[in-house]
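Numbering of the sequence shown is given in our numbering, commencing with residue 929 and proceeding in unit increments.
No residue lacks a Cβ here, since even glycine has one placed at the ideal position from N, Cα and C.
Quick caveat: nothing in here was measured; it's all calculated off a predicted structure.
A short write-up of the structure that comes next.
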Amino acid sequence: VSGGEVHCTIFGPNANSHHQSLLIGILWPLGRGNVGYGSNVGSNHTGRIPDQETSVGEGTFWGLGCVIKFPVDLTSSPYSIIAAGVQLPPQRIQLPFSLITDGPGGMNQLTPGWLLHYSPYTIARSEVKFAN
């Protein structure tokens, strides 16, 4: 973490937040992901103490300026990408290697297996990068 703000978070190995971003109340023990510039992962402002959290799977990539509202569970969606500008409302997603984008009517559009089909290089690169 070199440029982001991180509070009340379990941040695993090889996870990067080197941009102006915010992580609050995140359980990300396996790490190996990235938080893009301007991402707000932890909109837990209920007017009380932090009372909710987001659980994240290994290798998650938070795109530029995405907004994640609690509670969100992505533990069964390893190596998924939340695209730039996506607003992710409270939910559980159980589709690994997915691309999550904004869809019609304010709903999220999920493309399961997107990373395996369209960007297998990312998986191969991660395997080498995190081998040690």
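Where the beta strand (DSSP E) through residue i begins and ends
i: T1029; result: 1027 to 1030
i: E981; result: From DSSP, E981 is part of no beta strand (DSSP E); its letter is neither H nor E.
i: T1039; result: 1036 to 1039
i: H935; result: 933 to 935
i: V995; result: 995 to 997
i: V1000; result: 1000 to 1002
i: L950; result: 950 to 952
Residue range of the unbroken alpha helix (DSSP H) whose run includes residue i
i: D1023; result: The sequence shown places Leu at residue 1023, rather than the Asp named in the question. Run containing L1023: none; DSSP gives neither H nor E here.
i: V1056; result: 1048 to 1057
Separation of residue j from residue i, as counted between CA atoms
i: P999; j: E981; result: 5 Å
i: K1057; j: M1035; result: 34 Å
i: F939; j: L951; result: 9 Å
i: G932; j: C994; result: 14 Å
i: T1029; j: S1047; result: 16 Å
Inter-residue CB distance, residue i and residue j (contact presumed, cutoff 8 Å)
i: G970; j: I996; result: 7 Å
i: S967; j: S949; result: 4 Å
i: G961; j: T1003; result: Actually they do not touch by this definition, with Cβ atoms about 13 Å apart.
i: L955; j: G985; result: Not a contact, Cβ separation roughly 10 Å.
- Query: Does the segment 994 to 1013 come close enough to the segment 1040 to 1052 to have 3 or more Cβ pairs within less than 8 Å?
  - Reply: yes
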